[in-house]
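Asker:
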Amino acid sequence: MIPDFEANCSNWRIRISLREILEVHLTLSAINQKMRPNHVVWVTKGENGKRLWIIRDRSILSWVTADGESTDPTFALPIPELFIEQLMEMIAGGDGIDLFCNEVEGTIVARSDNGSYLSIDHPQNVEFKRQDLPYLGNPHRDESTPAIATVGMLDIVQFAKFLFKFPSGVDWPPNDVMPFVAMALDKDTLAWTMDWRRQDSYRFTGSVPANTVGAITATFYPYQMAAVLLTKDRDGDAHIFIDGENAEYAYFVGDDWGIRILLDAEYLARWNHKVVRELKNVGVDVDNWKSQQIPSFMTFTLNQSDLCYVSLHELDDLSVTVRLTAILSDDVPESLGVYGEINKLNDALVGARVSLRDGEVRLVVEFPAEGITNMTAHMSTFTKALAQCKDVHSFLPLFAG
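Per UniProt numbering, the very first residue in the sequence shown carries number 1; after that it's consecutive.
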């Protein structure tokens, strides 16, 4: 039976040009080397009437804009990634394709200029969420000054090519994290550093001219972003925007494209999930966090009531420590009597220490990140010390005078 592709068609349709679908396909291929079977690209109408194609992975979102038409849908349409590649093949023989839905069959239908058709099931259980919007405000709502840079596309391409300069002969341990880039905007310069010393190579640093307002340094996983940048035309400028030192994202924006990249620290990408896993192995579950960014500290509960913290600290470019912390008492003023009692506690503790900081008396067990495989011993030390200090909150304030 020959299907009737035009039956029950939607009252909207999208006219897609060859250049438009090519830009979307190049961006999608740069972010995901292999099309993922259950992932989608979103197409919707932007606030300025432009058509907006949105491709997102965990740490990167990229978008492509094109001229919209009155027949475009006003909602966000999910298109399977696999279908994008097929549309590229389909459009090759003409100037464009029309995209619409069969609302009875639940399919997305493409029709080429030469009269050929292709359809795919409309994705189920997908939802256009806030994280799929290109521009997200600073959730911290602080008063940090944003940093902005305008960079020529030829220089942006040089920057992107540099990020792909891998030292030859690097031996990758299993599940290792590739180096992040440290990027700085300041003094009419875009500068960056890639540190390969963990792989027994060198640090590489470069810069290109830029027009900058404000100054900032940020780190992020750069490889997908670099791949997307290398697909863009070399004409014109790109604009870089980071909304202050507590920003979650950096933005790279051209005339008809943009990239939102999640700002994260390399040492957290290397160690956070390992710390969570080792704590779970000893029966400790950390609490969930809301941010997309990898947290430097997390909370967990001991004895059903003691709120504790685990945190990661980068001592230098190559050394990371893990701290297990409990707040024993707060609102404790500094005094010789208090410090004397803290010293007595520290004399009695093994593998742990107590300190007074910002009015809080803290119990800390600290060890190199490489030692997380011995988490049973570290947690035993921490729980024993916590038991030894259980009455600190009641007697320590007595020595504040």
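Idealized CB from N, CA, C, for every residue including glycine. In this text, all values refer to a predicted model and were calculated from it rather than measured experimentally.
1) Excluding the five sequence neighbours on either side, which residues of its own chain have a C-beta within less than 6 Å of the C-beta of ASN272, listed in chain order?
2) Would you call TYR202 buried or exposed, if buried means 16 or more other Cβ atoms sit within 10 Å of its Cβ?
3) So within the segment 177–203, which uninterrupted beta strand (DSSP E) runs reach at least 3 residues, ignoring any that extend past its ends?
4) Do the segment 25–44 and the segment 67–86 make contact, defined as three or more Cβ pairs closer than 8 Å?
5) Span of the alpha helix (DSSP H) holding TRP271?
6) Could you tell me the alpha carbon to alpha carbon distance between VAL213 and ASP188, rounded to whole angstroms?
7) Using CA atoms only, rank isn't needed, just tell me which of PHE241, ARG51, ARG56 is closest to THR145.
8) Measuring alpha carbon to alpha carbon, tell me which residue in ARG51, LEU118, ASP287, ILE372 is nearest THR107.
9) What did DSSP end up calling TYR117 once you bin it into helix, strand or coil?
10) Just the C-alpha distance for GLU360 and LEU345, rounded to the nearest angstrom, thanks.
11) Note down, in chain order, each residue of its chain lying with its Cβ closer than 7 Å to the Cβ of ASP330, except the 5 sequence neighbours on either side.
12) Taking all protein chains shown into account, do 16 or more other C-beta atoms lie within 10 angstroms of the C-beta of ASN102, making it buried, or fewer, making it exposed?
13) Using the C-alpha atoms, what's the distance from THR27 back to ARG13?
14) Where THR217 and CYS9 are concerned, what is the direct C-alpha to C-alpha distance, given to the nearest angstrom?
15) Does the segment 220–231 come close enough to the segment 256–273 that 3 or more CB-CB pairs lie under 8 Å?
16) The beta strand (DSSP E) spanning ILE156 covers which residue range?
17) Can you give me the C-alpha to C-alpha distance between ASP195 and LEU229, rounded to a whole angstrom?
18) Should ARG56 go down as buried or exposed, given a rule of 16 or more other Cβ atoms within 10 Å for buried?
Answerer: Let's see:
1) The residues are ILE294.
2) TYR202 comes out exposed.
3) Within the segment 177–203, the complete beta strand (DSSP E) runs of at least 3 residues are 181–186, 189–195.
4) Judged by Cβ distances under 8 Å, the segment 25–44 makes contact with the segment 67–86, as three or more pairs qualify.
5) Note, TRP271: alpha helix (DSSP H), 266–281.
6) VAL213 and ASP188: Cα-Cα distance of roughly 8 Å.
7) By alpha-carbon distance to THR145, the top candidate from PHE241, ARG51, ARG56 is PHE241.
8) Ranking the options by Cα distance to THR107, first place goes to LEU118.
9) It is a strand residue.
10) Roughly 15 Å between the two C-alpha positions.
11) Here the set comprises GLY359, GLU360.
12) Buried, since its Cβ has 16 or more Cβ neighbours within 10 Å.
13) Taking the straight line from one Cα to the other gives about 23 Å.
14) Each residue's alpha carbon lies about 51 Å from the other.
15) Put simply, the segment 256–273 touches the segment 220–231. At least three CB pairs are less than 8 Å apart.
16) No beta strand (DSSP E) holds ILE156; the alpha helix (DSSP H) holding it covers 153–163.
17) Looking at the two C-alpha atoms, the distance is approximately 21 Å.
18) Counting Cβ neighbours within 10 Å, ARG56 comes out buried, since at least 16 surround it.
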